[in-house]
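Let me begin by presenting the structure, written as structure tokens, before commenting on it.
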Amino acid sequence: MKRIRQFFFIALIFLISACKKETLDLNVKDHFFLENDGATMPVFVNGNTKSKVFLIYLHGGPGSTSLEAYQNENSPFKKLQSDYAMVYWEQRCSGSSQGNCSNLTISQYVKDLEKVIILLKSRYDSDIKFFLIGHSWGGSLGIKFLTTNNNQNTIKGWIEVGGGHNVPRIVNLEREMVNEIGKRQISQGNNVSQWQANITKANSLNLNNVDELFEMNKIAVNSEQLMQKVDSVNQKIGNPYLSDYFLGPLDNQAASINNEQTFEAMKNELAVLNLSKNTSKITIPTLLIWGRFDFRVPPLFAQESLIAYGSAQKELLIFDRSAHYAQWNEPEQFFEKVRNFIEQNK
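Just so we're aligned: the sequence shown equals residues 15 to 360 in this note's numbering.
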């Protein structure tokens, strides 16, 4: 049966390849679907396909959406579209995708991403160049993809943004960061009762219990909000075109259901996920971008990860006024650093 499925997929790609290629242009807005293993996943390609440089955005979650980046007119990804083609892929059981949310694994997401790349080559050109940028869960997916089969050979460069690729290590660092910065904030008289509550809760959690382990993330989110209150973290950029959220492709209710279902289906795998040992196998140019006040994936984890990566060309950038979403807290700097990285390695 497996061979039959592989045959039909290869036959499908052959038929797509036989069709006329999409015209490469400076300002493309393209939308199509990848259907694979019971899931229908939207793919949006916007920007300069004529450059033949495609930047694939791996959104967080699992179960979040790429459309937050796609729809926001102030997004740094919108600016990158002038120079490159941005690929916004709705992962299975995420955002506006459809299909069965049972039996989810990171290996399944890797298979999906492999087919996204095959589909893009078939639709545009076989010699287009790919870069991957993975945020949060997208960092885990990117690392797993790059260290599976010969996938690394298809990618020119890898950008990890607040990537959560070792959950057992991260939750311990979250607790340490809440204690360290929380005590400092208390000594300065900032939001004392809230920090005391965060510290008490963090120290009481049994991190060997799956449900309690993920409570650390809620404490981390609240801690980032407290740092924003004292003006250590920039506000996230807004979207002046609110109609995009009502007229755009994302059904917010369906996206919320997808998010909940995906987390429930994957939480046991996520609780023990450790891809730190995989990073030594990644030898392509690598850029890490982190927020100094990222409590969800602390910057100390980024420093440890930089050492572990196998690339001879690797760099870690810490954005001083960012939390977990450097792309939204400091979008201009984010755009500049990502563009420079692509220009150096395309």
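Even glycine gets a Cβ: it sits at the ideal position worked out from N, Cα and C.
How would you call residue i, buried or exposed, if buried means at least 16 neighbouring beta carbons within 10 angstroms?
| i | result |
| --- | --- |
| Gln85 | buried |
| Ser321 | Looking at the sequence provided, one finds Ile at residue 321 rather than Ser. Classification of Ile321: exposed, given that the 10 Å Cβ count is below 16. |
| Ser121 | exposed |
| Ile24 | The pLDDT assigned to Ile24 is 46, lower than 50, so where the model puts this residue is not dependable, and the model offers no usable value. |
| Lys135 | buried |
| Asn117 | exposed |
| His338 | buried |
| Phe46 | exposed |
| Ser201 | exposed |
| Gln317 | exposed |
| Gln249 | exposed |
| Lys158 | buried |
| Asn362 | Only positions 15 to 360 of the chain appear in this structure, which leaves residue 362 out of reach. |
| Glu344 | buried |
| Ile356 | buried |
| Val224 | exposed |
| Leu256 | Note on Leu256: pLDDT 46, under 50, position unreliable in the model; no value is reported. |
| Lys43 | exposed |
| Lys328 | buried |
| Val311 | buried |
| Val185 | buried |
Am I right that residue i and residue j are in contact with their C-beta atoms under 8 Å? What's the rounded C-beta distance?
| i | j | result |
| --- | --- | --- |
| Tyr98 | Phe68 | 7 Å |
| Val181 | Leu284 | 6 Å |
| Gly77 | Thr297 | About 31 Å; that fails the 8 Å criterion. |
| Thr79 | Gly52 | Contact doesn't hold; Cβ gap of about 19 Å is too wide. |
May I have the straight-line CA-CA distance separating residue i from residue j, to the nearest angstrom?
| i | j | result |
| --- | --- | --- |
| Gln358 | Val130 | 25 Å |
| Lys221 | Leu81 | Here residue 221 turns out to be Leu, not Lys, going by the sequence shown. Whole-angstrom Cα-Cα distance: 32 Å. |
| Lys170 | Phe309 | 30 Å |
| Ala326 | Asn204 | 42 Å |
| Glu49 | Gly113 | 9 Å |
| Pro11 | Asp139 | Any answer about residue 11 is impossible in this case: the structure gives the chain only from 15 up to 360. |
| Gly196 | Thr119 | 35 Å |
| Leu306 | Thr37 | The question names Leu, but residue 306 in the sequence shown is Arg. Using only the alpha carbons, I get a separation of about 42 Å. |
| Glu174 | Ser294 | 14 Å |
| Gly176 | Ser150 | 5 Å |
| Ser246 | Lys35 | 48 Å |
| Asn217 | Gln239 | 19 Å |
| Leu302 | Ala83 | 19 Å |
| Leu133 | Ile142 | 12 Å |
| Trp172 | Asn62 | 20 Å |
| His179 | Asn41 | 34 Å |
| Ala340 | Asn167 | 28 Å |
| Gln199 | Ile251 | 25 Å |
| Tyr71 | Ile147 | 5 Å |
| Lys360 | Lys64 | 14 Å |
| Gly74 | Ile213 | 26 Å |
| Val235 | Lys281 | 18 Å |
| Arg137 | Tyr323 | 33 Å |
| Arg183 | Thr161 | 20 Å |
| Ser96 | Asp39 | 11 Å |
| Glu278 | Trp304 | 27 Å |
| Gly242 | Asn165 | It is Gln, not Gly, that sits at residue 242 in the sequence shown. Cα to Cα, Gln242 sits roughly 39 Å from Asn165. |
| Gly156 | Gln347 | 22 Å |
| Glu87 | Ser111 | 22 Å |
| Ile332 | Ser319 | 13 Å |
| Leu330 | Gly153 | 14 Å |
| Leu261 | Glu194 | Low confidence applies here, because Leu261 scores a pLDDT of 48, under 50, leaving its location unreliable; read the following figure in that light. Cα to Cα, the separation comes out at about 44 Å. |
| Phe397 | Asn60 | Any property of residue 397 remains undetermined from this structure, which presents the chain solely from 15 to 360. |
Touching by the beta-carbon criterion (3+ pairs, under 8 Å), the stretch 125 to 141 and the stretch 285 to 302: no
Okay, do the stretch 227 to 238 and the stretch 184 to 196 touch, 3+ Cβ pairs below 8 Å being the bar? yes
Counting pairs of beta carbons, one from the stretch 103 to 120 and one from the stretch 52 to 59, are three or more of them closer than 8 Å? yes
Alpha helix (DSSP H) runs contained entirely in the stretch 96 to 132, provided each spans 4 or more residues: none
When the Cβ atoms of the stretch 207 to 218 are set against those of the stretch 333 to 352, are three or more pairs found closer than 8 Å? no
Every unbroken alpha helix (DSSP H) within the stretch 173 to 217, with a cutoff of 4 residues, ordered by chain: 181 to 201
Where in the stretch 33 to 97 do unbroken runs of the beta strand (DSSP E), each at least 3 residues long, occur, reported from the N-terminal end onward? 42 to 50, 53 to 61, 67 to 72
Below 8 Å, how does it come out for the stretch 340 to 352 and the stretch 90 to 97: are there three or more Cβ pairs, yes or no? yes
Complete alpha helix (DSSP H) runs within the stretch 260 to 338 (minimum length 4 residues, chain order): 266 to 285, 313 to 322
Give the list of continuous alpha helix (DSSP H) stretches no shorter than 4 residues that lie fully inside the stretch 215 to 244. 224 to 227, 229 to 243
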